[in-house]
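Read the structure below first, then the notes.
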Amino acid sequence: TPPPSPPRAPDPSPVRVVAPGERVDAGQGYTVWLTEEGKHWNGPEEYENFRSAVDGNVDASAPGVSHQSEGGPAGAFHSGLYYGTRTAGRVELTAPGGRTVLATLLELPGRPGWGVWYAHTGPGVGETAVTLYDRAGKRLADLPG
């Protein structure tokens, strides 16, 4: 008889935990980092941008998602906050026509109840809808495109 198979390892968390201030290469010349105050990012022009997670502009008592984007004819960089949940599973961007792009999720240690997502879309995508799901696949919040 064959030996028993080892127990299945749990699925890895869909969220990457990063240290405060740790610079994450988000691709295509963009860098993202988190501090206890919120999301920071810069792009190829190296202008630093910031979105607060603690100044009252997000209601962490209910799941939600924000969206910022910048780009040009070659494509766009999208990012935002997700908040009001400690079980974020994925953020999807949906372009006109139904094409979806999965975002990368980042959080600080200790699951503070908010995190950051980012993704790139190609040229000509236009407005995108953003949807936050929990780890069981339940839709928690969305922003129309």
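Be aware that the sequence shown starts at 947, since it is given in this note's numbering, and climbs by one per residue. Idealized CB from N, CA, C, for every residue including glycine. Keep in mind the model is a prediction, meaning the values are calculated, not measured.
Here residue 985 carries a strand assignment [DSSP, helix/strand/coil]. Separation of the CB atoms of residue 987 and residue 978 is rounded to 5 Å, and the pair is thereby assigned contact status at 8 Å. Residue 1049 is a Cβ neighbour of residue 1065, given a cutoff of 8 Å. At a cut-off of 3 residues, the continuous stretches assigned as beta strand (DSSP E) that sit fully inside the region 981–1064 are 984–988, 994–998, 1014–1018, 1021–1029, 1034–1040, 1046–1048, 1050–1053. Fewer than three pairs of CB atoms, one per stretch, sit closer than 8 Å, so the region 992–1009 makes no contact with the region 1035–1050. By the CB criterion at 8 Å, residue 1051 and residue 966 fall outside the cutoff. For residue 1085, the enclosing beta strand (DSSP E) starts and ends at 1085–1089. Residue pairing by DSSP places residue 972 in no beta bridge whatsoever.
Contact check between the region 1012–1027 and the region 1055–1065: three or more CB pairs, one atom from each, fall below 8 Å, which counts as touching. Within the DSSP secondary-structure output, residue 962 pairs in a beta bridge with 1052.
In this structure, residue 983 lies near residue 998, with their beta-carbon atoms less than 8 Å apart. Only residues of its own chain outside the window of five on either side were considered, and among them 978, 1064 have a CB closer than 6 Å to the CB of residue 972, listed in chain order. With a threshold of 16 other beta carbon atoms within 10 Å, residue 1046 falls short and is exposed. The three-state reading of DSSP puts residue 1082 in coil, since its state is none of H, G, I, E or B.
Of all alpha-carbon atoms in 1070, 1084, 1069, 1089, the one lying nearest the alpha-carbon of residue 1076 is that of 1089.
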